[in-house]
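Numbers in this note's numbering are just positions in the sequence shown, counted from 1, shifted up by 365. Glycine included, every Cβ here is placed at the ideal spot set by N, Cα and C. Here the structure is a predicted model, which means the values were calculated and not measured. First comes the structure, then the notes that go with it.
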Amino acid sequence: MSLLAALDHLLNFLAPAAGVALLLVAGTRILMRKRPPALSWRAQVAILFAVGATVLVAGLVLLGRDGKMLTYGALVLACASSQWLVLRG
366 MSLLAALDHL
376 LNFLAPAAGV
386 ALLLVAGTRI
396 LMRKRPPALS
406 WRAQVAILFA
416 VGATVLVAGL
426 VLLGRDGKML
436 TYGALVLACA
446 SSQWLVLRG
């Protein structure tokens, strides 16, 4: 496998974590305008991306395959819980 192909696989593996992090922070900013944010949007995205990437790696190790629905469900649950903890300040 070439370096470019390996990079492509890595980016595609981490794309769900990045997407969930960005959408969750953007949705929170839109729906909770009256509440001042505890952290900047970049910090929130970084925290949620790290949590999401950890969940994806754990799902790959435990289940033996990437792309299982159980892993994606755990990704959403972990990111939502982390965002809730971040917003509590």
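For Pro381, the closest alpha carbon among the candidates Phe414, Ser446 and Ser367 is that of Phe414. Sequence-distant Cβ neighbours of Val420 in its own chain, meaning closer than 6 Å and more than five residues away, are Ala439, Leu440 and Ala443. The three-state reading of DSSP puts Met397 in coil, since its state is none of H, G, I, E or B.
Just so you know, the alpha carbons of Ile412 and Ser367 end up roughly 30 Å apart.
Rounded to whole angstroms, the separation of the alpha carbons of Lys399 and Ala371 is 43 Å.
Only residues of its own chain outside the window of five on either side were considered, and among them Val390 have a CB closer than 6 Å to the CB of Trp406, listed in chain order.
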